[in-house]
Amino acid sequence: MDVFVVGAGGLLGSNVVKTAVNRGLSVAGSYHSTRADFEIPLRELDVRASEGFEELLTEFSPSVVVNCAAMTDVDECEKRPELAHKINADAPEAMARRCSDRGIGFVHVSTDYVFDGETDEQYGEESEPNPLQVYGQSKLAGDRNVRSAHDSPLVVRPSFVYGVNRAHETAELDGFPVWVRSRLTAGQAVPLFTDQYVTPSRAGSTAETLLDLIDDGASGTYHVAARSCVTPYEFGRIIASTMGVETDALDKGSQSDVDRPAARPSNTCLDVEKVEARFGRSQPTLQQDVDAIASYF
Ligand SMILES: NC(=O)c1ccc[n+]([C@@H]2O[C@H](COP(=O)([O-])OP(=O)(O)OC[C@H]3O[C@@H](n4cnc5c(N)ncnc54)[C@H](OP(=O)(O)O)[C@@H]3O)[C@@H](O)[C@H]2O)c1
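Position in the sequence shown counted from 1, then plus 7, gives you this note's numbering.
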C-alpha cells in the first residue's frame, strides 16, 4: 500500500484520496462518522484509539500515512478544550510514533491559526507561532508532538481551506463559498469582513502539492496556499462574479460585528515561497483556484 489517508471523509482528506488514486497510487483510508463512497479499502477509525490505528498499519503496511483528521470547528474547540487536545495534539503524536517505530512516513496537516495575526507581514514557515484560541493551541501542540515523535515528518500548513468535497459520488462545494453562495442564491445580504486577511487553500490544489511533496521526499514544514492574500470580502467578490451574480448584496463588515466564543487572528496570510522554490513553479492565485472549480458554484 502506498498511502493511507486518515480522515478520508473530510474536505482535504477526500481530495488527497482522489488525487492519489488518479495518480495510480494504491490507497486506503479511514473515516470517522460517515463512510465515504470511494472504491478503496476504508475502515472506521476514531483517532483517539491508537490501538485501532496500529491494527490498520498491520493490515495495510503503507509507505506513508497522511493525517487529515482534526477537530476543525474553532468555536467548538473553545468550548471543549480537552477533546480538542485529544484529537488535535495527542492523537497525531500517537500515530506519528507508531509510524516512526515501523519506518513509515508521516504527513501531518497544520493550520494558519497557529499564528496570532499581529503583523502586516506574511508568515513564513519559521515565523514564531502564538495561537490566540484553543483550536490553534491544540494544533500547534500537535505539530510539535509529531516532530518529536517521528524522525522526519512532513507538516503541510494550509489556510482557510475550501473546495469540493470528493468523499461522495455527488461531489459538493464545501467551506466558505457554500455559505456565500447560499445567501446570494436566497437573495440575502452577505456580510463579509474587510479586516481579516487569509491566503485561501483550495483542497484540490493543496492535495496535489501535498502529494508532490511526498513524491519528492520532502520533510519539515511547508506552507501550501494560494499566492493571493485577501479579505473574505474580496473572496466573496470572486465567488459572486464566478456565479455571474451582482455583488450589490455583499456588505462590508468587521470581525467586531460578530460575537464568537473563540478569538480569530486578523492576518494569517502564508508566505508560499518555500514550496514555490522547491518545485520551481508559482502557487495558484485565488482566481485560478476558483476558476478550477467554477462549475461547482
Ligand atoms: N478548514 C480550514 O479552514 C482549515 C484551515 C487550515 C488548516 N486546516 C486543517 O486541515 C486539515 C483538514 O481539515 P478539513 O478542512 O478537511 O476539515 P474537515 O472537512 O472538517 O475534515 C476533518 C476530518 O476529521 C475527522 N475527524 C474529526 N474527529 C475525528 C476523530 N476523533 N477521529 C477520526 N477522525 C476525526 C472528521 O470526520 P467527521 O466529520 O466524521 O467527524 C473529518 O472527516 C485539518 O488538520 C485542519 O486543522 C483546515
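For glycine and all other residues, C-beta sits at the position ideal for the given N, C-alpha and C.
Practice task
Establish whether the CB of D44 and some CB of chain B are separated by less than 7 Å.
Solution key: Of the protein chains in this structure there is only one, and it is not chain B.
Problem - Host beta strand (DSSP E) of L161 (start-end) - result: What you label residue 161 is simply residue 154 of the sequence shown in a count that begins at 1. L161 to R164 is the extent of the beta strand (DSSP E) around L161.
Exercise for the section: Tell me whether the beta-carbon of L19 lies closer than 7 Å to the beta-carbon of S37. Expected result: Translated into positions along the sequence shown, residue 19 becomes position 12. Translated into positions along the sequence shown, residue 37 becomes position 30. Not in contact: L19 and S37 (Cβ atoms no closer than 7 Å).
Exercise for the section: Within its chain, find whatever has a CB closer than 6 Å to the CB of T55; leave out the 5 residues flanking it on each side and keep chain order. Expected result: Residue mapping note: residue 55 aligns to position 48 of the sequence shown, counting from 1. A quick correction: the sequence has Arg, not Thr, at residue 55. The residues are K93 and A98.
Handout entry: Identified DSSP bridge partners for R325
Key = As displayed, the chain neither begins before 8 nor continues past 304, which places residue 325 out of reach and without an answer.
Exercise for the section: Tell me whether G287 sits in a helix, a strand or coil according to DSSP, three-state version. Expected result: Counted from its first residue, the sequence shown places residue 287 at position 280. Here G287 sits in coil by DSSP.
Exercise for the section: Return yes when at least one heavy atom of ligand 1 lies under 6 Å from the C-beta of G149, else no. Expected result: For this step, residue 149 is matched to residue 142 along the sequence shown. Outside the cutoff, so no.
Practice task
Evaluate the contact criterion for the stretch 100-114 versus the stretch 285-301: three or more CB pairs, one atom per stretch, below 8 Å.
Solution key: no
Exercise for the section: With F67 as the anchor, note down where its alpha helix (DSSP H) starts and where it stops. Expected result: Counting from one through the sequence shown, the residue named residue 67 turns up at place 60. F67 -> alpha helix (DSSP H) spans S57 to F67.
Problem - Beta-ladder partner(s) of E179, from DSSP - result: Looking up residue 179 in the sequence shown gives position 172. In DSSP, E179 forms a bridge with N172.
Exercise for the section: Tell me whether the beta-carbon of F122 lies closer than 7 Å to the beta-carbon of P69. Expected result: In the sequence shown, the residue the question calls residue 122 occupies position 115. In the sequence shown, the residue the question calls residue 69 occupies position 62. Not closer than 7 Å, so no.
Practice task
Given a cut-off of 7 Å, decide if P138 and A103 are closer than it, judged by their beta-carbon atoms.
Solution key: Working through the sequence shown from its first residue, we reach residue 103 at position 96. Working through the sequence shown from its first residue, we reach residue 138 at position 131. Contact: no.
Problem - CB-CB length for L217 against V72, believed under 8 Å - result: Translated into positions along the sequence shown, residue 217 becomes position 210. Translated into positions along the sequence shown, residue 72 becomes position 65. That pair is no contact at about 12 Å.
Handout entry: Nearest-angstrom Cα separation, counted from C276 out to E128
Key = On the sequence shown, residue 128 is found 121 positions in, with the first residue counted as 1. On the sequence shown, residue 276 is found 269 positions in, with the first residue counted as 1. Roughly 8 Å separates the two Cα atoms.
Problem - Local conformation of N274 per DSSP, three classes - result: Within the sequence shown, the letter at position 267 stands for residue 274. Of the three classes helix, strand and coil, the one that applies to N274 here is strand, per DSSP.
Exercise for the section: Indicate whether A196 and D258 have their beta-carbon atoms separated by less than 7 Å. Expected result: For this step, residue 196 is matched to residue 189 along the sequence shown. For this step, residue 258 is matched to residue 251 along the sequence shown. Result yes, Cβ atoms of A196 and D258 sit closer than 7 Å.
Handout entry: Sequence-distant residues of its chain with Cβ nearer than 7 Å to E61 (five each side left out)
Key = Looking up residue 61 in the sequence shown gives position 54. Around E61: R105.
Practice task
Could you tell me how far apart the beta carbons of R164 and T228 are, in whole angstroms, since I believe they sit closer than 8 Å?
Solution key: Residue numbering aside, residue 164 sits at position 157 when the sequence shown is read from its first letter. Residue numbering aside, residue 228 sits at position 221 when the sequence shown is read from its first letter. The pair is a contact, with the Cβ atoms about 6 Å apart (cut-off 8 Å).
Handout entry: Exposed unless 16 or more other CB atoms sit within 10 angstroms - verdict on F286
Key = Along the sequence shown, one-based indexing puts residue 286 at 279. F286 is exposed by the Cβ-count criterion.
Problem - the stretch 202-211 contacting the stretch 266-276, beta-carbon criterion three pairs below 8 Å - result: yes
Exercise for the section: Indicate, with yes or no, if ligand 1 has a heavy atom lying under 6 Å from the CB of A76. Expected result: Position 69 of the sequence shown, counted from the first residue, corresponds to residue 76. Indeed, a heavy atom of ligand 1 lies less than 6 Å from the Cβ.
Practice task
In angstroms with no decimal places, state the Cα-to-Cα distance between H175 and F242.
Solution key: Counted from its first residue, the sequence shown places residue 175 at position 168. Counted from its first residue, the sequence shown places residue 242 at position 235. About 26 Å.
Practice task
With DSSP as the reference, label R151 as helix, strand or coil.
Solution key: If you number the sequence shown from 1, residue 151 lands on position 144. R151 falls in the helix class under three-state DSSP.
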